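Visitor: Structure below; questions to follow.
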Amino acid sequence: PASVFTDLPKLLERAGPGAEGPGVKGRGSITAIISVLVDGDDHNDPVADSVRGILDGHVVLDRALAEQGRYPPVNPLSSISRLADKAWSPEQRMLVTKLKSMIARFEDTRDIRLLGAYQSGADAELDNAVRQVPLIYEALTQSPRDRASADPFADLARHLKGKLNGDQGD
Numbered sequence: 043p044a045s046v047f048t049d050l051p052k053l054l055e056r057a058g059p060g061a062e063g064p065g066v067k068g069r070g071s072i073t074a075i076i077s078v079l080v081d082g083d084d085h086n087d088p089v090a091d092s093v094r095g096i097l098d099g100h101v102v103l104d105r106a107l108a109e110q111g112r113y114p115p116v117n118p119l120s121s122i123s124r125l126a127d128k129a130w131s132p133e134q135r136m137l138v139t140k141l142k143s144m145i146a147r148f149e150d151t152r153d154i155r156l157l158g159a160y161q162s163g164a165d166a167e168l169d170n171a172v173r174q175v176p177l178i179y180e181a182l183t184q185s186p187r188d189r190a191s192a193d194p195f196a197d198l199a200r201h202l203k204g205k206l207n208g209d210q211g212d
């Protein structure tokens with residue numbers, strides 16, 4: 043029903059600090075993890091689009107990534123956090139921006155590379171993406187037995203540095 047677009051903000055904004063600060067009368071807060079299943083991977087579905095506009099961020103799980111065997115299948119280009127600037131250091135923000143830009147370049151040129159039209163040496167930025175993005179994807183892949191890292195940025199930097207220097211271990 044059309045009322046869903048009026049009711050969504052009321053429901054979703056109950057989580058978080060609220061108008062009076064954290065929780066009721068400044069005591070605590072509610073954290074919610076909200077799952078929105080879209081039909082046929084249509085992320086522009088009106089309800090999904092409305093929810094994205096209300097929430098502080100979203101993690102997009104991508105069926106195509108799961109089909110490639112990448113778990114968790116989080117799409118770093120479609121996922122976003124509006125609170126990241128408050129949580130990340132300037133160095134971390136710069137790293138994320140650089141990596142997302144590199145991943146975007148890699149993905150935007152997928153068809154060219156698959157058709158064999160990519161020529162190494164013609165574009166240094168693309169050459170760098172072709173070398174590093176598979177390593178980034180490898181670093182972002184976890185098995186169910188992997189533990190969460192206390193410092194994922196440092197772990198990612200170590201992983202990439204080791205792989206780029208020829209180290210084949212983790």
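First residue of the sequence shown? That's 43 in our numbering, and the numbers climb one at a time after it.
We put the CB at the ideal spot given by N, CA and C, even for glycine.
These numbers come from a predicted model, not from an experiment.
(1) Please return the same chain residues whose Cβ sits closer than 6 Å to the Cβ of Asp212, not counting the five positions on each side in sequence.
(2) Among the candidates Arg173, Gln184, Ala196, Ser92, whose CA atom is the shortest distance from the CA of Tyr113?
(3) So, helix, strand or coil for Gly211, using DSSP?
(4) Let me know the secondary structure DSSP gives Gly65 once reduced to three states.
(5) Measuring only the C-alpha atoms, how far is Lys128 from Asn86?
(6) Identify which residue in Val80, Ile154, Val93 has its Cα closest to the Cα of Ala46.
(7) Please report the residue range of the alpha helix (DSSP H) in which Asp91 lies.
(8) In the DSSP assignment, find the alpha helix (DSSP H) that holds Ile76 and state where it starts and stops.
(9) Who are Gly158's beta bridge partners in DSSP?
(10) Please classify Ile154: is it buried, with 16 or more other beta-carbons within 10 angstroms of its beta-carbon, or exposed?
(11) Contact defined as beta carbons within less than 8 Å: I believe Met144 pairs with Val175. What is the distance between those atoms, to the nearest angstrom?
(12) If distances are taken between C-alpha atoms only, which option among Leu53, Lys140, Gly95, Ala166 comes closest to Leu118?
Guide: Let me spell this out:
(1) Numbered from its first residue, the sequence shown carries residue 212 at position 170. Its pLDDT being 46, under 50, Asp212 is placed unreliably by the model, and the measurement read from it follows with that caveat. Hits under 6 Å: none found.
(2) Numbered from 1 along the sequence shown, position 71 holds the residue referred to as residue 113. Checking every option, the nearest Cα to that of Tyr113 belongs to Gln184.
(3) Looking up residue 211 in the sequence shown gives position 169. Here the model assigns Gly211 a pLDDT of 49, short of 50, so the residue's position is not dependable and the matter cannot be decided.
(4) Stepping through the sequence shown from its first residue, residue 65 is reached at position 23. Since pLDDT at Gly65 reaches only 49, below the 50 mark, its modelled position is unreliable, and the value read off the structure follows with that caveat. Three-state DSSP puts Gly65 in coil, outside helix and strand.
(5) Position 86 of the sequence shown holds residue 128. Position 44 of the sequence shown holds residue 86. When rounded, the distance between both Cα atoms is 28 Å.
(6) Along the sequence shown, one-based indexing puts residue 46 at 4. For the sequence presented, residue 46 should be read as Val rather than Ala. With distances taken between Cα atoms, Val46 lies closest to Val93.
(7) The residue given as residue 91 occupies position 49 in the sequence shown. From DSSP, the alpha helix (DSSP H) with Asp91 extends over 88 to 96.
(8) Here residue 76 refers to the residue found at position 34 of the sequence shown. First-last for Ile76: undefined, no H or E at that position.
(9) Residue numbering aside, residue 158 sits at position 116 when the sequence shown is read from its first letter. According to DSSP, Gly158 bridges with nothing at all.
(10) Numbered from 1 along the sequence shown, position 112 holds the residue referred to as residue 154. Label assigned to Ile154: exposed.
(11) As a first step, residue 144 must be located in the sequence shown, where it is residue number 102. As a first step, residue 175 must be located in the sequence shown, where it is residue number 133. So it is a contact: roughly 6 Å between Cβ atoms.
(12) As a first step, residue 118 is located in the sequence shown; it is residue number 76 there, counting from the start. Per the sequence shown, residue 118 should be read as Pro rather than Leu. The candidate whose alpha carbon is nearest that of Pro118 is Lys140.
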